[in-house]
Amino acid sequence: MAKRSIVGTGFAFPMQIDVLGGTEVSDEDANIRQSMMLILGTAPGERLYRPDFGCAIHDIMFEPNTMLTAAKIEYEVKKSLLAFEPRVADVEVKAAPDDDEPTRMNVSITYVIRKTNTTANLVYPFYLRKEGEA
Numbered sequence: 004m005a006k007r008s009i010v011g012t013g014f015a016f017p018m019q020i021d022v023l024g025g026t027e028v029s030d031e032d033a034n035i036r037q038s039m040m041l042i043l044g045t046a047p048g049e050r051l052y053r054p055d056f057g058c059a060i061h062d063i064m065f066e067p068n069t070m071l072t073a074a075k076i077e078y079e080v081k082k083s084l085l086a087f088e089p090r091v092a093d094v095e096v097k098a099a100p101d102d103d104e105p106t107r108m109n110v111s112i113t114y115v116i117r118k119t120n121t122t123a124n125l126v127y128p129f130y131l132r133k134e135g136e137a
């Protein structure tokens, strides 16, 4: 079965070695998903030559686990994905405090892959910290 090349191929994240000793790659939808996880996991200022790259949810880490914090997270996640992942459109983000874990905010992201017009989703668990935790 031939691989689709419509969406593209890139290095897998995290970087790893494939079975032949080369650099592992990801393609298609997996590459977009990995890119989105990288964006959300990077705080602005963390990359030396791209100080604006990333998502400002890391500034919210010590906020209380409330619906107001959820709204802030929704805004920051959507803003960063639209800014740094041009292969997706119609990004919808819903965040809500987790009922079972008081320090976790569940972030559900629905998006459309532009080239294939395919709807996909991603769940990103974001952990808040209590004041004074390391």
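Our numbering puts the first residue of the sequence shown at 4, with every later residue one more than the last.
Where a beta carbon is used, it is the ideal one built from N, C-alpha and C, also for glycine.
Please look up how many angstroms separate the CB atoms of V138 and T121, rounded, as I've assumed it's under 8 Å.
Because the chain is modelled from 4 through 137, residue 138 falls outside the range shown and cannot be assessed.
With H, G and I counted as helix, E and B as strand and the rest as coil, what does DSSP make of M64?
Counted from its first residue, the sequence shown places residue 64 at position 61. Of the three classes helix, strand and coil, the one that applies to M64 here is coil, per DSSP.
With H, G and I counted as helix, E and B as strand and the rest as coil, what does DSSP make of D93?
Here residue 93 corresponds to residue number 90 of the sequence shown, with the count starting at 1. Of the three classes helix, strand and coil, the one that applies to D93 here is strand, per DSSP.
Contact defined as beta carbons within less than 8 Å: I believe M108 pairs with A59. What is the distance between those atoms, to the nearest angstrom?
For the purposes of this step, residue 108 is identified with residue 105 of the sequence shown, where counting begins at 1. For the purposes of this step, residue 59 is identified with residue 56 of the sequence shown, where counting begins at 1. With a Cβ gap of about 14 Å, M108 and A59 do not count as contacting.
Look at the alpha carbon of F87 and the alpha carbon of L71, and state the distance between them as a whole number of angstroms.
Position 84 of the sequence shown holds residue 87. Position 68 of the sequence shown holds residue 71. For F87 and L71, the distance between alpha carbons rounds to 25 Å.
Proximity winner among A98, L85 and N34, relative to N68 (alpha-carbon distances)
Position 65 of the sequence shown, counted from the start, is the residue given in the question as residue 68. Residue A98 is the option with its Cα nearest to N68.
What's the gap between the Cα of K81 and the Cα of F129?
Residue 81 sits at position 78 when you count from the first residue of the sequence shown. Residue 129 sits at position 126 when you count from the first residue of the sequence shown. Going from the Cα of K81 to the Cα of F129 covers about 14 Å.
Would the beta-carbon of R132 fall within 8 Å of that of F65?
The count along the sequence shown starts at 1 and reaches residue 132 at position 129. The count along the sequence shown starts at 1 and reaches residue 65 at position 62. Yes, these two residues count as a Cβ contact at 8 Å.
Beta-carbon spacing of V96, E77 below 8 Å:
Taking the first residue of the sequence shown as position 1, residue 96 is located at position 93. Taking the first residue of the sequence shown as position 1, residue 77 is located at position 74. In this structure, E77 lies closer than 8 Å to V96 by Cβ.
Please classify A33: does DSSP put it in a helix, a strand, or coil?
Mapped onto the sequence shown, residue 33 falls at position 30. Residue state, collapsed to three classes: helix.
Let me know the secondary structure DSSP gives T122 once reduced to three states.
For this step, residue 122 is matched to residue 119 along the sequence shown. T122: strand per DSSP, three-state reduction.
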